[in-house]
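Input: a single structure, listed below in structure tokens.
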Amino acid sequence: MMSVLTIYAGGKLKPPFDALCNLYVKRLSPLKISVKEMEEKQWKSLVKLKSQRWIMWDEKGIQFTSSEFWKKLDTLSPYHICFFIGESFGIPKNIFNQNDEIWSFGLMTWPHLFARAMLLEQLYRKILAQKGHPYSFV
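Numbering of the sequence shown is given in the numbering used here, commencing with residue 1 and proceeding in unit increments.
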């Protein structure tokens, strides 16, 4: 089972991404997941707690299959997992440099709007896999 999850995402969602992400957040509602849309000045106020693991999404990070991603999440379940997705120019350096790990959706560059939707979809897929639902088969 997953722990508490927070997604810190640069920028505001626009249609049609807002509807897609909101759909996944609604489907994930039994879990403790929150999404915080960050403006430039808000990044500066973040303080890392010992109970948190900060994971940055960046094209230079570790790549996973869906199954590997789920297993990695399970190893982090004792912690409050904080995912960070930057805007066009990435995650501010003062936040990025505090990372516990850097993960990637692959070698391609993805818009932050896609990255947020892809992360939420993979979290949803993990929940369905735990229930044995056919949607999750990889």
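Don't be surprised by glycine CBs; every beta carbon is placed ideally from N, CA and C.
Quantities reported herein were computed from a predicted structural model and do not represent experimental measurements.
Query                                                                                                                                           : Result
Below 6 Å CB to CB, which residues in the same chain sit around residue 84 once its five sequence neighbours on both sides are set aside?       : 8, 56 and 91
Please classify residue 86: is it buried, with 16 or more other beta-carbons within 10 angstroms of its beta-carbon, or exposed?                : buried
Establish whether the CB of residue 68 and some CB of chain D are separated by less than 8 Å.                                                   : Any reference to chain D falls outside this structure, which holds one protein chain only.
Compute the Euclidean distance between the alpha carbons of residue 15 and residue 82, then round it to the nearest angstrom.                   : 25 Å
Under 6 Å Cβ to Cβ from residue 20, same chain only, skipping five residues before and after it: list those, please.                            : 117
Between residue 106 and the rest of its own chain, which residues show a CB-CB distance below 7 Å, the 5 nearest in sequence each way excluded? : 63
Just to confirm, is the Cβ distance from residue 79 to residue 52 under 8 Å?                                                                    : yes
In whole angstroms, what separates the C-alpha of residue 96 from that of residue 33?                                                           : 21 Å
Report the option in 132, 71, 121 and 58 whose CA atom is closest to the CA atom of residue 28.                                                 : 121
With distance defined between alpha-carbon atoms, name the residue in 100, 37, 58 and 104 nearest to residue 139.                               : This structure gives no information on residue 139, because the portion of the chain shown stretches from 1 to 138.
Here's the rule I'm using: 16 or more other beta-carbon atoms within 10 Å means buried, otherwise exposed. How should residue 58 be labelled?   : buried
Taking only three categories from DSSP, how would you classify residue 24?                                                                      : helix
Going by C-alpha distance, which of 93, 110, 74 and 65 is nearest residue 43?                                                                   : 93
Along the beta strand (DSSP E) that carries residue 57, what are the first and last residues, could you check?                                  : 52-63
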